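Here is the structure we will look at, set down as structure tokens.
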Amino acid sequence: MIEDNISKIRERISLNCLKINRPVDSIRLVAVSKNRTPEQVKQAVAAGISDIGENKVQEALAKVNKIRSQPDNGQRIKWHLVGHLQTNKVKQAVRIFDLIQSVDSIKLAEEIDKQSKKINKIQDVLIEVNTSGESSKYGFSPDETIEVIRKISNLSNINIKGLMTIAPIVDAPEKTRPYFKMLRELRDKINEYRVSSIEYQVLSMGMTDDFEIAIEEGANMVRIGRAIFEK
Ligand SMILES: *Cc1c(COP(=O)(O)O)cnc(C)c1O
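Just so you know, we're using the working numbering here: the sequence shown kicks off at 352 and counts up by one.
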């Protein structure tokens with residue numbers, strides 16, 4: 352089932368890319384495995400997935416340990432944190448995750464920098480932007496993002512790769528388009544203003560219900576859970 356689901360999603364991504372004239376391999380597919388078992392993660396990996404997303408440090412830690420302790424030990428898996436990170440979990444998070452997608456405060460960025468320094472790591476991160484302005488969502492407002500990035504990009508053990516957003520829940524996928532467009536325009540503005548010395552590439556946006564709209568608006572990383580792990 353998981354294998355079938357993944358090939359269906361890849362097919363949809365391919366068609367979508369064809370339609371808008373983008374190379375298929377420009378889209379990174381992150382399988383979000385929160386609330387799924389290590390066995391399910393292994394099935395996704397066997398079906399060709401190399402990026403796994405989790406939203407809680409504790410849950411991820413258990414899965415990482417389980418999977419790494421087994422024979423075909425998933426060394427090639429890249430682990431992504433996509434959920435909110437509390438500062439008291441950062442020490443563990445920097446030991447597990449290849450990409451922390453949910454940097455949503457300067458205090459959190461400073462703690463990631465501090466804990467990464469201790470283990471001699473440069474931690475790759477994305478800056479989370481609350482494009483819808485909903486109070487239930489984490490992330491910086493689009494207006495403050497450039498200023499925030501100026502500060503965070505001075506931290507020596509953090510490497511900002513791009514931006515992440517979560518669209519609001521809507522009754523038709525098309526309605527998510529303005530939020531994805533906003534994130535892309537923000538990324539382009541950051542690069543145009545040379546806010547950092549390196550160009551930001553990654554736009555992590557789009558989930559089960561809206562990934563095609565996100566890709567049309569420039570997503571190059573989509574985070575998909577239900578469409579991979581559920582019937
Ligand atoms: C759960 C989750 C996803 C995946 O959502 P689906 O709708 O199941 O595809 C993506 N991003 C984040 C931040 C999530 O928490």
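Note that the Cβ used here is the ideal one computed from N, Cα and C, for glycine as well. Keep in mind that this is a model prediction, so the values were computed, not measured.
In whole angstroms, what is the alpha-carbon distance linking Pro353 and Tyr544? Reading off the sequence shown, one finds Ile at residue 353, where the question assumed Pro. If you take the alpha carbons of Ile353 and Tyr544, they lie about 43 angstroms apart.
Could you give the C-beta distance for Arg528 and Ile566, rounded to a whole number, given that I count them as a contact under 8 angstroms? Their Cβ separation, rounded to whole angstroms, is 11 angstroms, which puts Arg528 and Ile566 out of contact at 8 angstroms.
Bridge partners for Cys475 per DSSP, in chain order? The sequence shown places Asp at residue 475, rather than the Cys named in the question. In the DSSP output, where bridge partners are listed per residue, Asp475 has Leu450 and Asn510.
What distance in whole Å lies between the Cβ atoms of Val573 and Ile378, which are believed to be in contact at a cut-off of 8 angstroms? The C-beta separation of Ile378 from Val573 comes to about 6 angstroms, placing the pair in contact by the 8 angstroms criterion.
Grab the span of the beta strand (DSSP E) containing Ala382 for me, first residue to last. Arg379 to Val383
Are the segment 419-432 and the segment 478-494 in contact at 8 angstroms, needing three or more beta carbon pairs? no
I need the straight-line Cα distance from Lys440 to Phe448, nearest angstrom please. 12 angstroms
Quick one: does the C-beta of Asp455 sit closer than 7 angstroms to a heavy atom of ligand 1? no
How many whole angstroms separate the CB atoms of Val381 and His431, which I take to be in contact at a CB cut-off of 8 angstroms? 5 angstroms
Please report the straight-line C-alpha distance between Ser547 and Lys582, rounded to a whole angstrom. 43 angstroms
At the level of alpha carbons, what is the spacing between Ser571 and Val415? The question names Ser, but residue 571 in the sequence shown is Asn. Looking at the two C-alpha atoms, the distance is approximately 25 angstroms.
Ser555 bridges to which residues according to DSSP? Answer is Met515 and Met572, bridged to Ser555.
C-alpha gap between Ile503 and Ala460, whole angstroms: 7 angstroms
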